[in-house]
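The sequence shown begins at 1 in the UniProt record's numbering and counts up one residue at a time.
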Amino acid sequence: MGETPPKPLNVLSLDAGGPKALSQLYVLNEIMSRMTYDQDDGSTEKRPCEVFDMIGGVDTGGFIAILLVVLKLTAMEAGEEFITFISDVFMNINPEPKRQSERLKVAVMELLQRHNIDPDTKLVVAQGQPPACRLAIFITYDVHAGSSCVVRNYMGRNRPMDITVAEALMATCAISPIFDPVKVGKRHRMVDCASGGVSFSNPVRKLLNEAREQFGDHWTISTLLSLGCGHPAVNTNPQTPALIAILERIAVESEKTAREIEVQMADHTMYHRFSVIQGLQYSGFQSLPYPEWISTHTMDYLNSHEIDKGLDRYVETVKLGVGYATLEQLTRSGGALVSASSSPQAPAHYISREGPMESIKRFLLETNGTLKAGAKIVVVTGIGGCGKTQLVRRFVEEFGNLFLSAFFVDGSSKDTIRNGITRYVRSLGTSHSQKSFYDSMQFLSKSDGAGQRLMIIDNLDDGSLELPPFLPRWTDGVVMITSRSAARGQISPSTHLTLDVMSPGEAVELLARGMNVWPLDEATKPAYNRLARELRYYPIAIVQAISYMWQSKMSAETFTSRLNDFRTELTRDHDARNQIHNMEYLTAFAVFSASYEIMEPSAQKFCHVLSFFHRQKFPLRLVMLAVQSGFANVAYKYMEEGDGFRRGKALLEDTFCSSGPLDQLGLDNIVKQLGSHSFVTLVEADGQQLLEMHQLVHDWGRLHISRDEERFRDAAVRLLCCGAIENNQPMMQYLFSHVQQLKDIWKTLHVNDAASFSFILDESGLQAEAVELLEIINGALEVQLGQGHKNTIRSMRSLAGCYERMGRRTEARILKQKEEVRSNVEMFGENDPITIAAEAALQITMRQLRRETTRTMMVDSEPRSPIQQILGPTIHDSPRPTLLSLEHPDQSARSPPNEASLMTGSSGHRGEETHATDPAVMHELEIIKITERTYGPSNPVTVSARENLARKYTELGRYAEAEQMMKNVRTQRRDSLGEGHLQTINAASLLAAIYDKMGNYAEAERLARQVLMQREEKLGEDSRETFSARFHYAIILYKLQRYTEAEAVVQRALEISRDKLGTTSELYTYSSSLLTQIRQRPILTLMT
């Protein structure tokens, strides 16, 4: 007998939503009640941890998951606890994150106490069988917003986070900036964690990945239950409080993700989603809703006939226990299905190019017709329109069955290549549907022995584009490249084919077959020979000539005469003459002009509008969508429309509606006319009709309107903006490449148009480029409307939201704090302490961003010893433990920069912000100006502001300015507080650090010795501050080559730390390491 297949899984996913997550428990309670009732055996109420094999959540959804799995509560019991929790934590929010975090901690401790659970209980039990119900909750590391972490109650392949039940409960709800991050772990493994709700509010995809990691690819799913927290409001109020605004944004992202997953899961009966549709919107509320309000609207939702039936279907599916799909099939699902880019369409008339075809066969095939083994690259180069793409297409048509798969990629830019490769891999099935470009390249590079793949990079004409990053590292496969650039042949000289124009015989045969007169009789043969010669045997010109002659019923003799007229006219055009570089192109453009003359004006104008977009995959449905909106759709209206809007709208109306409203039949006629003249090709993909242009037609379309370019460009922008609407995902995947095509004009776009473009990019997952546009918009609105205008604030919020979706939380926080400062100025005035405090918080966040940016840009290097930090990079690395491999005492305490942290930093090379107009310095100077005006020059608030500026100068390496400022601070502190006050001592300590940086070791030694003595007297010899002073003093002595004294000072630190703190303390380890390295001074001195 074979093995019994494993029991199919039931999985529960809980969205983020703050207090509204209570509705999830009401829905879950209804499901559990129905299951219990259906048993009809008098058994007690079902507990979720008995029904589900894995429960996961994020934000308060994660909090509820812990209640259900760790505390093993019923849905009703969890609901009662959650009501108590939200009443204690979320009602009457305290504006100070620290106070709000204290409330959170108290509520969690009281919850655990009620259930007799020690707060220090670990979430993961290291020994024994894994729990029957797995828990997976998702949080973020606060320092890397968007960097997710999975918190589990079981041992997995990856080492689980060392986290307690109390820490996990608090971290799930620590929404920034309402709460402070939660510290998880101990000592050097301690990290700051926060709620993951803002970054990924719907955890279905992450939960499926986690289930696959835990159970394996082939385990099947019986049910996947996703519970939301209600649909978002249609409109938001700019005056909405911060937490409510965050929760409403979470709801938007949650439901957006749910819609995408529903598209992907449409064929799977195992997926069920419940989320209250009406009544849970926060819009209009100035405080969080009460539990009774959530309960009322959830009960209304559950009482609807449709939801009642849906709940019954879910319960029946659970009872059946049938596995409907494997985890491998479902993993990475959740986006709209995509198809690979289609192959180029075969022309109506094609003559086989036997010579070039034989060359390609020789490059790739053995004499017996099988594929040659190994990785191969074939490059086909030649002028545009000579038939490169069609030659390759014909090869695929004849020999494609020899390959595992063959796919075309548009090679016109890095973006199109990247998108084409990713799109192909995602089309291979649900297990690949969310692969990134890098995932896709890794997948293609793996050789599974199933066969060779053929990738065609078509129209790789940009000579500056670096190709290697886009070549799969497969051991068996083929890449074919077509390019106008002969230099591309250097990639593979031995398999480089230079394609020229057709032979005279091929050209004449193509012309005659196109006109249905093949074979030619002796009377007509001279005319066709002459026309082929006039067309310079150029394939694209011949195909265009056939279209023209066929449409106009013109003979070869007449067309030859007309062709010369059009060619002469083009050579008279200065702009055309400068852009047409050879006679073949001149001939092709002349034939295009001839065809253009006999087209209807609507087709002519549409051709020119299309020439501003990318030449491939223009979605035809966009035109009808634009017509329905009167060509006036605006995603965000920040300002009144400009002249470009009116010009573009007028041209589109003239193009499509000159004879009345355009219907589908009218649009089909325009496209048919363009197609009959070979200006466009109509293809279909994913149920969409798409237009494509040959590159030369695309170039000619722009050249032909060089004197009227602005009007047609405005029309192209207006048409694209009409696609920037919600729920337009099937079309959106084709719009972003056209937005990218217009990148040269992004900075000159009207802000409303730029907002529509950013919307399209954001919806397409291109957040980095969306941010680029949003930053342009925000800057323009600040200049034109002012920072306090409601539309500037609105754009700032859009930018902040995009930052957060990218995981750039610090930048998002800066925007929010800027808005807070502006609001405080309006409410309290610029001199109020509240405003000054908000501005100071903004400066801290800006410093944090600079530190994060610096960390990102730093190149990884070996740790340096303490002495090397002092003496500079000329000292070789010590093989012994170094201070950088330990946690600095002051840094571990998360105190402000002190003499030690200043001393051990780099020597002034902290970025390039050393000029006088450094933004942070300007802000600090502004704060000083405000505090001096408000409190006076000697007030402690003003003195603290000066100290902050001194620190900033030190960070920037502007030591002379830092010295003067810090001397002033020390004098004022001494005069107002006295020589022995701790603030005066700290000022002296910082001044000593600045002298140290300046190389004034004598003055640094005098002050450092004084600071050490004063701290010993005030704080005792075993305080951390005293230890810091002792270390600093020792290192200065070392720099003065007073080695014996330096060693004695550190030896004393070692003895104190050993006697008072123990040999396992960090300070003892720190002292021991520094002492060991100071004793190496003869070697180090020689090296210096």
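Yeah, the Cβ is synthetic: ideal placement off N, Cα and C, and Gly gets one too.
Can you tell me whether DSSP reads residue 1090 as helix, strand or coil?
What is shown of the chain runs 1 to 1088, which leaves residue 1090 out entirely.
Please classify residue 564 as buried or exposed, where buried requires at least 16 neighbouring CB atoms within 10 angstroms.
exposed
Along the beta strand (DSSP E) that carries residue 10, what are the first and last residues, could you check?
9–14
With a CB to CB cut of under 8 Å and the five nearest residues on each side skipped, what residues in its chain are close to residue 421?
409, 437, 440, 441, 444, 455 and 470
In DSSP terms, what residue 690 is bridged to:
619 and 683
Do three or more CB pairs link the segment 196–213 to the segment 221–228 at distances below 8 Å?
yes
Which value, in whole angstroms, describes the spacing of the CA atoms of residue 66 and residue 270?
24 Å
Let's test the definition: count the other Cβ atoms within 10 Å of the Cβ of residue 387 and tell me whether it reaches 16, buried, or not, exposed.
buried
Is there contact here, the segment 653–672 with the segment 619–629, by at least three beta-carbon pairs under 8 Å?
yes
Where residue 615 and residue 702 are concerned, what is the direct C-alpha to C-alpha distance, given to the nearest angstrom?
12 Å
Inspect the beta-carbon positions of residue 171 and residue 184 and report whether they are closer than 8 Å.
yes
Could you give the residue range of the beta strand (DSSP E) that holds residue 182?
182–184
Are at least three pairs of beta-carbons, each pair with one atom in the segment 398–418 and one in the segment 498–515, less than 8 Å apart?
no
Please report the straight-line C-alpha distance between residue 849 and residue 720, rounded to a whole angstrom.
35 Å
Separation of residue 377 from residue 542, as counted between CA atoms:
30 Å
Residue 1063: buried (16+ other C-beta within 10 angstroms of its C-beta) or exposed?
exposed
Cα separation between residue 804 and residue 661?
43 Å
Close Cβ partners of residue 995 (< 6 Å) along its chain, the five nearest in sequence each way excluded
1003 and 1004
Sort 550, 708 and 601 by Cα distance to residue 676 and report the nearest one.
550
How long is the line joining the alpha carbons of residue 1089 and residue 121, rounded to whole angstroms?
Here the chain covers residues 1 to 1088 and nothing more, so residue 1089 does not appear.
In angstroms, rounded to a whole number, what distance separates the CA positions of residue 575 and residue 755?
Low confidence applies to residue 575: its pLDDT is 49, below 50, so where it sits in the model is not reliable enough to give any reading.
Provide the residue(s) that pair with residue 410 in DSSP beta bridges, ordered along the chain.
458
N- and C-terminal bounds of the alpha helix (DSSP H) containing residue 701
695–703
Please name the residue in 482, 496, 948 and 955 whose C-alpha comes closest to that of residue 969.
948
So the beta strand (DSSP E) residue 376 belongs to, where does it begin and stop?
375–381
Mark residue 129 as exposed unless 16 or more other C-beta atoms lie within 10 angstroms of its C-beta, in which case mark it buried.
exposed
According to DSSP, simplified to helix, strand and coil, what is residue 1034?
helix
My output table needs one value for residue 1019: the three-state DSSP class, helix, strand or coil.
helix
Using a Cβ-Cβ cutoff of less than 6 Å, which residues in the same chain neighbour residue 933 once the five nearest sequence positions on both sides are dropped?
none
So who's on the other strand from residue 149, going by DSSP bridges?
139
If you reduce the DSSP assignment to three classes, tell me which class residue 577 lands in.
A caution first: residue 577 carries a pLDDT of 46, below 50, which makes its placement in the model unreliable, though a value can still be read off. In the structure shown, residue 577 sits in a helix (DSSP, three-state: H, G or I).
Residue range of the alpha helix (DSSP H) that includes residue 363:
354–364
Starting from residue 49, trace the alpha helix (DSSP H) in both directions and tell me its first and last residue.
48–51
What does DSSP give as the partner residues of residue 405 in its beta bridges?
453
Have a look at the DSSP bridge pairing and note the partners of residue 747.
Partner(s): none; residue 747 has no beta bridge.
Any chance the segment 720–729 sits against the segment 682–695, with 3 or more Cβ pairs inside 8 Å?
no
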